[in-house]
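Visitor: Chains as they are written, first to last, in the working numbering: chain P, 15 to 288; chain B, 135 to 533. Note that CB positions come from ideal geometry on N, CA and C, so glycine has one too.
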Amino acid sequence: MTRTFVLTNHKGGVGKSTSATTIALGIAGVLRRAGASNSRVLLIDTDSQGHATLVTTGRNDFGAEDSLYAVLAADRPNAAQVLSQCIVQSTWDPDLHVLPASPMLEGAERELMRVAGAPYRLADPLSRISSHYAAIVIDTRPSFSLMTEMGLIAATDAIVPVEPRYLETIGLMSVMSKINDIREGWRHPNLRISGILVTKMDKRVRGHNHLLDELKGHSVLGKLLIGVIPANEAVSYAHHNHVSVFNYDPKAPASRAYAQLVGTLVRRISKGGS
Amino acid sequence: MPPKHNSRRMDELLASVTEDLLEGDPQHFQDNSIRVERILLEMVRPDPVQPRRVLPEQLHLAFHSSRLTPTQALKELVHLVQVAARQRGRPFNNVLELLPNSDDETNDEQDTKLSPEEQLLRDLVNLAVTIRDDGQVNPLTVVDMSEGVTRQFRIETGERRYWATWLLRDFIPSYDGDGMIPCIIIPSDRSSVFRQAKENTARSGLSAIAMARQAALLLLTVHGYQIPDSAVPNDFYRQALELDLRGKREYTDTILTAMGGVEKAQFSRIKSLLKLSDESMELADRHNIEEFRLRHVVSVSTEYHAEILRQIIDFNLTAKQVKELCEGSDLHVDEENPSEKLPTVAVKMAKVTQSVSTLTAQDLARALMLQEADPAIARARLQALQKLIVEAERLLVSE
Chain P
15 MTRTFVLTNH
25 KGGVGKSTSA
35 TTIALGIAGV
45 LRRAGASNSR
55 VLLIDTDSQG
65 HATLVTTGRN
75 DFGAEDSLYA
85 VLAADRPNAA
95 QVLSQCIVQS
105 TWDPDLHVLP
115 ASPMLEGAER
125 ELMRVAGAPY
135 RLADPLSRIS
145 SHYAAIVIDT
155 RPSFSLMTEM
165 GLIAATDAIV
175 PVEPRYLETI
185 GLMSVMSKIN
195 DIREGWRHPN
205 LRISGILVTK
215 MDKRVRGHNH
225 LLDELKGHSV
235 LGKLLIGVIP
245 ANEAVSYAHH
255 NHVSVFNYDP
265 KAPASRAYAQ
275 LVGTLVRRIS
285 KGGS
Chain B
135 MPPKHNSRRM
145 DELLASVTED
155 LLEGDPQHFQ
165 DNSIRVERIL
175 LEMVRPDPVQ
185 PRRVLPEQLH
195 LAFHSSRLTP
205 TQALKELVHL
215 VQVAARQRGR
225 PFNNVLELLP
235 NSDDETNDEQ
245 DTKLSPEEQL
255 LRDLVNLAVT
265 IRDDGQVNPL
275 TVVDMSEGVT
285 RQFRIETGER
295 RYWATWLLRD
305 FIPSYDGDGM
315 IPCIIIPSDR
325 SSVFRQAKEN
335 TARSGLSAIA
345 MARQAALLLL
355 TVHGYQIPDS
365 AVPNDFYRQA
375 LELDLRGKRE
385 YTDTILTAMG
395 GVEKAQFSRI
405 KSLLKLSDES
415 MELADRHNIE
425 EFRLRHVVSV
435 STEYHAEILR
445 QIIDFNLTAK
455 QVKELCEGSD
465 LHVDEENPSE
475 KLPTVAVKMA
485 KVTQSVSTLT
495 AQDLARALML
505 QEADPAIARA
515 RLQALQKLIV
525 EAERLLVSE
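1) Quick one: what does DSSP say P:G231 is sitting in, helix, strand or coil?
2) Give, in chain order, every residue of the region 228 to 255 of chain P whose Cβ lies closer than 7 Å to some Cβ of chain B.
3) What are the boundary residues of the alpha helix (DSSP H) that includes P:A252?
4) Does DSSP put B:P204 in a helix, a strand or coil?
5) Suppose the cutoff is 6 Å on Cβ atoms and the five residues either side in sequence are ignored; what does the same chain contact list for P:I101 look like?
6) For P:G209, list the residues DSSP reports as bridge partners.
7) For P:S145, decide whether its Cβ has a neighbour in chain B, counting only Cβ atoms nearer than 8 Å.
8) With a threshold of 16 other CB atoms inside 10 Å of the CB of B:R303, please say whether the residue is buried or exposed.
9) Thinking C-beta only, is P:L45 closer than 8 Å to P:S33?
10) Between B:T291 and the rest of its own chain, which residues show a CB-CB distance below 6 Å, the 5 nearest in sequence each way excluded?
11) Locate the alpha helix (DSSP H) running through P:L119, then write down its first and last residues.
12) Taking a contact to mean a Cβ-Cβ separation below 8 Å, would you say B:S364 touches B:H198 in this structure?
13) Who are the near neighbours of B:E469 in its chain, counting only those whose CB is closer than 7 Å to its CB and skipping five residues on each side?
14) Alpha carbon to alpha carbon, how far is B:Q360 from B:P321? Give it in angstroms, no decimals.
15) Does any C-beta atom of chain B lie closer than 8 Å to the C-beta of P:N261?
16) Tell me whether the beta-carbon of B:I315 lies closer than 8 Å to the beta-carbon of B:Q270.
17) Can B:D154 and P:G29 be called in contact, C-beta distance under 8 Å?
18) Would you call the CB atoms of P:A93 and P:D138 closer than 8 Å?
19) Find the nearest neighbour of P:G43 within the set P:V249, P:L140, P:V96 and P:A148, judged by alpha-carbon distance.
20) Give the single residue among P:D107, P:A271 and P:D263 whose Cα lies nearest to the Cα of P:G72.
21) Can you find a CB in chain P that lies within less than 8 Å of the CB of B:L147?
22) If you measure beta-carbon to beta-carbon, which residues of the region 38 to 70 of chain P are closer than 7 Å to chain B?
23) First and last residue of the beta strand (DSSP E) that includes B:I320?
24) What span of residues does the alpha helix (DSSP H) with B:T436 cover, start to end?
25) What are the start and end residues of the beta strand (DSSP E) that includes P:T18?
26) Where do the N-terminal and C-terminal ends of the alpha helix (DSSP H) with B:T355 fall, by residue?
27) Using three-state DSSP, classify P:L110 as helix, strand or coil.
28) Pairing CB atoms from the region 75 to 84 of chain P with CB atoms from the region 175 to 184 of chain B, are three or more of them under 8 Å?
29) Is P:G241 helix, strand or coil by DSSP?
30) Report the three-state DSSP secondary structure of B:V170 (helix, strand or coil).
31) Flag B:T391 as yes if its beta-carbon sits less than 8 Å from any beta-carbon of chain P, otherwise no.
32) For B:V276, report the span of its beta strand (DSSP E) as first-last.
33) Mapping the DSSP letters down to three states, classify P:A149 as helix, strand or coil.
34) Quick one: which residues of the region 253 to 286 of chain B get their C-beta closer than 7 Å to a C-beta of chain D? List them in chain order.
35) Using only alpha-carbon positions, find the residue among P:S208, P:V242, P:G26 and P:D59 that is nearest to P:H222.
36) Chain B beta carbons: is any one of them nearer than 8 Å to that of P:A130?
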């Protein structure tokens, strides 16, 4: 079964898209360097803002015919074929493939609201092509909408990016409770909370250090901590130049932290464990 | 701020992560094993140069030049069969009607000879129904031909199961599958024309024409010809007529084994079938005419091939009858060798003229006497010859 990582948090600006794109690129790169027979990684952008699409493909003009919207609108028997036709190659890496988002996804949620089986409109076709990929990474929008629900149902591993701020860590529990609702409510036992990713960590801020220590010390959350990404200007400059932070500045602290995270995830992919 | 872009440094960063991962087990991620997966039907395509054809030639070419989708190709096939069936007085609307009705005791299907197209569609429908009832037990063998984001798998074996699955999906009611087909995936670098040949020849039902195409593919491959990935006309296979095993002795055993362990002479006879005209190849392939019945047709001028094939099919001629038909008639018109249509005696006489300088008058007179035993008859023979020579000379002058 292909591991499908979904990055989700209903709070915006926590680094979901940055983390999703960097992780996807990193997994493809590491698997290729390791000589894996399949190093292809699919990045699915379910956020109508399309930031992940823009930075990885250099385009933001995907529409009704060539984006995730087309997949959601397709008849069930044709959806998988439509999905495979909408996938494009990233400009970052030939092994990184992207199912682009479109602003039309905003409307899709309303259109699908009363359609039976709507939450499975991504999981169902994705399951039919997932074996072609070593891993799949899904970027979600900053809300618990139908689109996010679709991403969670299609995933095997949820990663929750969170900033080390008091209110955000409070909200963390509600995010995890929502993921559990999906797991139980939709009878999706394969979905697990795979990790909490602390982003934009600034060691100079006492509050950040304090909250990180609290997180580490927590009986449940501490075990889920999967990585700490330092606040780093290189990330925003990389976005500006439509390149990955790995490419923009491989020696930047954020690059090294993401590389470490990628190593952890690839190890999980290869071992098939949690 | 301008990017501090340095792909080498990025490589170093990810390489260090990779090194940590591979520590102690450098082969950990290298899995080149053959795997079985369920693949979306649309991502699978038959091999356009596969010697064993499922669709009739015309549909085969139209499908592989992307003029027809799989569904359209099957629709055309069904239409073709409907026309053929109607002409034989057994029209049908639903493809399931092609299957014999086990409840009908008066059913005389066994006694009715089906046309090759009817037989083909009936076999496919039968296979489709089996897949519907029992599932696709035997996976297809496919080669991963994916490039970039385009996922594509080329069938090495199992084209009939592929078409049966399409038939099941689009033409047979109560299909409840998910449009996937189980496949054994072979990496493209492990794809081999020899393995495909072995798979083909190992199973029964490979027609003599398919064997001829198979022989051609093997010969062309070992002689370094590029095998295209699109449908090819018969002339592509005919290039093999100019090639033989002598040029590639190191491959002789491999080729003969891949062809099912045939002898060199048999291989040569199989290859010779490529000399048949396009129409006769199509007829021979569809009606599965054996090599021993076809070998005599090859020696006849190509313009007669199709007609002879029709006679073989209509009258179910034996090899002996085909031989008599081909040798006993005046069909051996060979434009490159016009002497073959002249009386043998004329050709012999012409040859005698080349050695006339070595002949003396006494020798000729003595030979005539020996032959006729009568001087008057011998003189009469010479006068007739003289008249013939004068007439021939007159003709040469007028030309």
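Guide: On the basis of the coordinates in this document:
1) Walking along the first sequence from the start, residue 231 of chain P turns up at place 217. Residue state, collapsed to three classes: helix.
2) Y251 and N255
3) To locate residue 252 of chain P, count along the first sequence from 1; it is residue 238. Segment E247 to H254, the alpha helix (DSSP H) holding P:A252.
4) For the purposes of this step, residue 204 of chain B is taken as residue 70 along the second sequence, with counting starting at 1. If DSSP states are grouped into helix, strand and coil, B:P204 belongs with the helices.
5) Along the first sequence, one-based indexing puts residue 101 of chain P at 87. Excluding positions up to five away in sequence, the list reads H111 and L113.
6) Numbered from its first residue, the first sequence carries residue 209 of chain P at position 195. For P:G209, which the question treats as bridged, DSSP gives the partners P:I173.
7) Reading the first sequence from its first residue, position 131 is the one you call residue 145 of chain P. Judged by the 8 Å Cβ criterion, P:S145 is in contact with chain B.
8) Locating residue 303 of chain B in the second sequence gives position 169, where the first residue counts as 1. B:R303 should be labelled buried.
9) To locate residue 33 of chain P, count along the first sequence from 1; it is residue 19. To locate residue 45 of chain P, count along the first sequence from 1; it is residue 31. Cβ atoms of P:S33 and P:L45: not closer than 8 Å.
10) As a first step, residue 291 of chain B must be located in the second sequence, where it is residue number 157. Excluding five sequence positions before and after B:T291, the CB atoms of its chain that fall closer than 6 Å to its own CB belong to T275 and E333, given in chain order.
11) Position 105 of the first sequence, counting from 1, holds the residue named residue 119 of chain P. Element bounds for P:L119: L119 to L126.
12) Locating residue 364 of chain B in the second sequence gives position 230, counting from the first residue. Locating residue 198 of chain B in the second sequence gives position 64, counting from the first residue. Yes, these two residues count as a Cβ contact at 8 Å.
13) As a position in the second sequence, residue 469 of chain B is number 335, starting the count at 1. With a pLDDT of 49 at B:E469, under the threshold of 50, the modelled position of that residue is not reliable, and the figure given next carries that caveat. For B:E469, where only same-chain residues beyond five positions count, there are no Cβ hits under 7 Å.
14) As a first step, residue 321 of chain B must be located in the second sequence, where it is residue number 187. As a first step, residue 360 of chain B must be located in the second sequence, where it is residue number 226. Computed Cα separation, rounded: 19 Å.
15) Taking the first residue of the first sequence as 1, we reach residue 261 of chain P at position 247. So, interface residue.
16) On the second sequence, residue 315 of chain B is found 181 positions in, with the first residue counted as 1. On the second sequence, residue 270 of chain B is found 136 positions in, with the first residue counted as 1. Yes, they are a contact pair.
17) Locating residue 154 of chain B in the second sequence gives position 20, counting from the first residue. Locating residue 29 of chain P in the first sequence gives position 15, counting from the first residue. Not in contact: B:D154 and P:G29 (Cβ atoms no closer than 8 Å).
18) Along the first sequence, one-based indexing puts residue 93 of chain P at 79. Along the first sequence, one-based indexing puts residue 138 of chain P at 124. Here P:A93 is near P:D138, since their CB atoms are less than 8 Å apart.
19) As a working note, residue 43 of chain P is residue 29 in the first sequence. The shortest Cα separation from P:G43 among P:V249, P:L140, P:V96 and P:A148 belongs to P:A148.
20) On the first sequence, residue 72 of chain P is found 58 positions in, with the first residue counted as 1. Nearest option by C-alpha distance: P:D107.
21) For the purposes of this step, residue 147 of chain B is taken as the residue at position 13 of the second sequence. Yes, B:L147 lies at the interface with chain P (some Cβ there is under 8 Å from its Cβ).
22) G40, G43, V44, L45, R47, A48, G49, A50 and S51
23) Counting from 1 along the second sequence, the entry for residue 320 of chain B is found at position 186. According to the DSSP assignment, B:I320 belongs to the beta strand (DSSP E) that extends over M314 to P321.
24) In the second sequence, residue 436 of chain B corresponds to position 302, counting from 1. In this chain, B:T436 is not harboured by any alpha helix (DSSP H), its DSSP state being neither H nor E.
25) Numbered from its first residue, the first sequence carries residue 18 of chain P at position 4. P:T18 -> beta strand (DSSP E) spans R17 to L21.
26) Counting from 1 along the second sequence, the entry for residue 355 of chain B is found at position 221. Run containing B:T355: A342 to V356, per the alpha helix (DSSP H) assignment.
27) On the first sequence, residue 110 of chain P is found 96 positions in, with the first residue counted as 1. DSSP places P:L110 in strand when its eight states are reduced to three.
28) The region 75 to 84 of chain P makes no contact with the region 175 to 184 of chain B; the number of CB pairs closer than 8 Å stays below 3.
29) Residue numbering aside, residue 241 of chain P sits at position 227 when the first sequence is read from its first letter. It is a strand residue.
30) As a working mapping, residue 170 of chain B is identified with position 36 in the second sequence. If DSSP states are grouped into helix, strand and coil, B:V170 belongs with the strands.
31) Counting from 1 along the second sequence, the entry for residue 391 of chain B is found at position 257. Taking Cβ atoms only, chain P never reaches closer than 8 Å to B:T391, which makes this a no.
32) On the second sequence, position 142 is the one that residue 276 of chain B refers to. Looking at the DSSP string, the run of the beta strand (DSSP E) that includes B:V276 is L274 to D278.
33) Indexing the first sequence from 1 puts residue 149 of chain P at position 135. Annotated three-state conformation of P:A149 is strand, per DSSP.
34) This model lacks chain D altogether; the protein chains it does include are P and B.
35) Mapped onto the first sequence, residue 222 of chain P falls at position 208. Looking at P:S208, P:V242, P:G26 and P:D59, the one whose alpha-carbon comes closest to that of P:H222 is P:V242.
36) For this step, residue 130 of chain P is matched to residue 116 along the first sequence. Judged by the 8 Å Cβ criterion, P:A130 is not in contact with chain B.
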